[in-house]
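Have a look at the structure below, then the notes.
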Amino acid sequence: MENLFAPWRMAYISASKNQEGCIFCDFPKEDRDEERLILHRGKTCFIILNAFPYNPGHLMVAPYRHTAEYEHLNDTEMLELHRLGGRCVSVLKKVMGPQGFNLGVNLGKVAGAGFDGHLHLHIVPRWNGDTNFMPVFSDVRVIAEGLETTYKKILEEWRKE
Ligand SMILES: [Zn+2]
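Pasting the structure below:
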């Protein structure tokens with residue numbers, strides 16, 4: 070999926086696409102949360118803004134532990150993954166006022182996982198009409214707001230909760 074009107078992100082996007090290794094393992098090890106769009110660090114899981122969002126405010130919750138197997142999460146990881154998912158919904162409701170949400174885990178490339186080595190829970194805010202916003206380019210979405218702006222708004226609300 071490509072994004073229009075976000076030229077300031079192109080360097081970042083190119084860098085990410087060319088990156089070897091696992092972003093869900095590598096990014097939390099760095100001390101660059103704002104640059105990496107990491108919103109929150111929990112005990113076993115963390116939250117990161119999707120740099121290739123389906124919609125503005127598209128968040129992902131992932132365990133720190135590298136695993137592609139949903140059924141292998143232990144009880145602590147499973148609980149925190151979904152508790153943080155709940156907090157994401159709560160914060161996004163306040164910040165972005167979406168009309169609905171999709172929450173889901175894509176296991177395997179055939180299921181739509183763009184990155185299938187390290188499982189993550191997607192939290193995607195939805196608005197009426199967002200699916201046919203750009204009918205001419207089926208694979209292109211307009212993201213009206215820059216990622217940093219979205220990140221800062223969500224972070225501000227997250228810290229109030
Ligand atoms: Zn990983």
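Counting in the numbering used here, the sequence shown runs from 70 upward without gaps. Positions of the beta carbon are idealized from the N, C-alpha and C atoms, including for glycine. No experiment lies behind these values; they were computed from the predicted model shown.
Note that the C-beta distance between residue 195 and residue 119 is not below 8 Å.
At least one heavy atom of ligand 1 is found less than 7 Å from the C-beta of residue 186. For residue 194, the three-state secondary structure derived from DSSP is strand. From the listed residues 156, 112, 180, the smallest Cα separation to residue 132 is found for 112. Non-local beta-carbon contacts of residue 169 in its own chain, meaning distances under 6 Å to residues more than five positions away in sequence, involve 195 in chain order. Below 8 Å, too few C-beta pairs join the segment 169-178 and the segment 99-112 to call them touching: fewer than three.
The three-state reading of DSSP puts residue 182 in coil, since its state is none of H, G, I, E or B.
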